[in-house]
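One structure is given below, encoded as structure tokens.
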Amino acid sequence: MATFAQDFDEIIKRLAKYGEVYASDETGQARRSINFLVEVPGYGLPTAATLDYREEFKRSAQGWLRDAYVYEYRTAAPRSRRAHHQHGAWGIHQHCEPPDVISHEHYDDVERLLLPTHEDFAELIDRSEPVRCLGLRRMRRA
Amino acid sequence: MAVGARTKRKASTGVVMKDRLPSVDDFTFEKKPLYSPADIARILDVSDQTVLDWIHSERLFAAQIGPRLFRIPHASFMQFLGVPPRIRITRGHSARRVIDAELARAEPGRAKPRLAKPGRAKPHRSD
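Heads up: the protein sequence lines correspond to chains A and B, in order.
Taking the working numbering, the leading residue of the first sequence gets 22, the next gets one more, and so forth.
Taking the working numbering, the leading residue of the second sequence gets 370, the next gets one more, and so forth.
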């Protein structure tokens with residue numbers, strides 16, 4: 022099984038194929054947070070999209086256990102957003118804002134991992150496809 | 370090929386490579402967010418098959434979007450041409466819970482606020 026540091030470096034390597042990467046790894050006594058921001062396409066071209074991935078871990082006897090994540094894909098023009106989150110009172114959920122629609126709606130989701138989610142977002146970039154929000158189910162809270 | 374020929378000028382890329390790593394500004398071809406293998410072949414003055422060989426041998430990263438359809442991200446192509454990857458890494462020792470706090474601000478009225486019971490003087494927590 023890969024160590025945490027190898028995972029971190031491997032993720033950076035994968036993300037760097039899509040743009041300029043800003044990464045941070047903050048480790049405390051009980052918590053750890055890793056953040057990745059990718060400006061796509063970068064390298065002299067204006068930023069058309071950003072990939073923003075954040076994970077928070079808590080220390081346990083088994084090692085670092087993830088207890089929150091934010092995986093976001095945003096496009097600049099037209100403005101759109103696709104996001105998978107686990108945090109706070111909402112738990113696991115997703116957001117979707119098709120081109121030029123602003124929405125704070127929460128939708129049902131399943132637990133996500135960083136690299137497979139990145140593959141999904143990268144596919145939108147590779148195909149130059151807009152964000153679509155079909156088939157999502159709204160979350161309802163009491 | 371531009372990567373190997375560090376002392377020659379390539380008319381197609383407009384780059385002169387001496388004893389330094391190339392930068393994005395060295396390349397004069399029209400830059401795009403995504404390139405097809407044919408774009409790369411034209412820029413580097415090689416055959417389409419050569420570009421496909423680079424892709425299949427994983428020398429050049431490309432995303433496969435169809436049975437015979439590839440797209441090469443700009444960053445990947447720049448790195449293939451020898452431009453160093455633009456990566457900034459910071460490491461520290463101040464991890465604290467921020468996702469909850471940030472998203473509570475970004476999604477007002479959505480997350481359930483965590484309120485201290487009235488009359489209990491608890492120390493303020495930043496998370």
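We treat Cβ as the ideally placed atom computed from N, Cα and C, and that holds for glycine.
Model, not experiment: these values are computed from the prediction.
C-beta atoms of residue i and residue j nearer than 8 Å
i, j, result
"aspartate 147 (chain A)", "isoleucine 434 (chain B)", "yes"
"valine 59 (chain A)", "serine 101 (chain A)", "no"
"proline 99 (chain A)", "aspartate 130 (chain A)", "no"
"valine 91 (chain A)", "arginine 75 (chain A)", "yes"
"tyrosine 64 (chain A)", "histidine 443 (chain B)", "yes"
"glutamate 132 (chain A)", "arginine 159 (chain A)", "no"
"valine 87 (chain A)", "arginine 465 (chain B)", "One point to set straight first is that residue 87 (chain A) is arginine, not valine, in the sequence displayed. No, the pair does not count as a contact, with Cβ atoms beyond the cut-off."
"alanine 70 (chain A)", "threonine 96 (chain A)", "yes"
"alanine 37 (chain A)", "isoleucine 458 (chain B)", "no"
Proximal residues to residue i (C-beta, below 7 Å), its chain only, five neighbours per side dropped
i, result
"lysine 34 (chain A)", "none"
"lysine 400 (chain B)", "His443"
"glycine 373 (chain B)", "Unreliable placement is indicated for glycine 373 (chain B), whose pLDDT of 40 sits below 50; the coordinate value is still reported in the next sentence. Excluding sequence neighbours, glycine 373 (chain B) sits near nothing in its chain."
"tyrosine 43 (chain A)", "Leu58"
DSSP beta-bridge partners of residue i
i, result
"glutamate 41 (chain A)", "A:Glu60"
"valine 91 (chain A)", "A:Arg75 and A:His106"
"tryptophan 85 (chain A)", "A:Arg80"
"glycine 112 (chain A)", "A:His108"
"isoleucine 468 (chain B)", "Isoleucine 468 (chain B) pairs with nothing; no bridge assigned."
"arginine 440 (chain B)", "B:Ala432"
"serine 54 (chain A)", "A:Glu47 and A:Glu77"
"serine 101 (chain A)", "A:Thr96"
"leucine 450 (chain B)", "Beta-bridge pairing links leucine 450 (chain B) to no other residue."
"cysteine 117 (chain A)", "A:Arg103"
Among the options, the one whose alpha carbon lies nearest that of residue i
i, options, result
"glutamine 50 (chain A)", "A:Lys79, A:Ala89 and A:Cys117", "A:Lys79"
"phenylalanine 396 (chain B)", "B:Phe446, B:Pro436 and B:Ile468", "B:Phe446"
"tyrosine 39 (chain A)", "A:Arg159, A:Phe142 and A:Phe29", "A:Phe142"
"aspartate 394 (chain B)", "A:Ser45, A:Leu72, A:Val42 and A:Leu66", "A:Leu66"
"isoleucine 468 (chain B)", "A:Ser54, A:Val42 and A:Gly84", "A:Ser54"
"proline 402 (chain B)", "B:Asp414, B:Ile441 and B:Ser392", "B:Ile441"
"tryptophan 85 (chain A)", "A:Glu41, A:Ile123 and A:Asp46", "A:Asp46"
Close Cβ partners of residue i (< 8 Å) along its chain, the five nearest in sequence each way excluded
i, result
"phenylalanine 439 (chain B)", "Ser405, Pro406, Leu421, Ile424, Ala431, Ala432 and Gln433"
"proline 453 (chain B)", "Leu390"
"alanine 410 (chain B)", "Ser416, Asp417, Thr419 and Val420"
"histidine 493 (chain B)", "Low per-residue confidence applies at histidine 493 (chain B): pLDDT is 38, beneath 50, and the placement is therefore not dependable, though the value from the model is reported in the following sentence. Answer for histidine 493 (chain B): no residue qualifies."
"glutamate 41 (chain A)", "Val59, Glu60, Gly63 and Tyr64"
Cβ of residue i within 8 Å of any chain A Cβ
i, result
"threonine 376 (chain B)", "For threonine 376 (chain B), the pLDDT reaches just 42, beneath the cut-off of 50, and the residue's location in the model is therefore unreliable, although a value from the coordinates is still provided. Not an interface residue."
"valine 420 (chain B)", "no"
"phenylalanine 398 (chain B)", "no"
"alanine 407 (chain B)", "no"
"leucine 413 (chain B)", "no"
"glycine 461 (chain B)", "yes"
"leucine 403 (chain B)", "yes"
"histidine 443 (chain B)", "yes"
Same chain, Cβ closer than 6 Å to residue i, five either side skipped, listed in chain order
i, result
"histidine 116 (chain A)", "Ala104"
"arginine 460 (chain B)", "none"
"histidine 108 (chain A)", "Ala89"
"aspartate 30 (chain A)", "none"
"isoleucine 195 (chain A)", "Nothing about residue 195 (chain A) can be read from this structure; chain A reaches only from 22 to 163."
"arginine 428 (chain B)", "none"
Any chain C beta carbon closer than 8 Å to residue i
i, result
"phenylalanine 430 (chain B)", "No chain C is present in this structure, whose protein chains are A and B."
Cβ of residue i within 8 Å of any chain B Cβ
i, result
"valine 42 (chain A)", "yes"
"leucine 136 (chain A)", "no"
"arginine 161 (chain A)", "no"
"glycine 65 (chain A)", "yes"
"histidine 108 (chain A)", "yes"
"tyrosine 39 (chain A)", "yes"
"threonine 71 (chain A)", "no"
Heavy atom of the ligand NAP within 7 Å of residue i beta-carbon
i, result
"aspartate 408 (chain B)", "Among the components of this structure there are no ligands whatsoever, and the ligand NAP is therefore not found."
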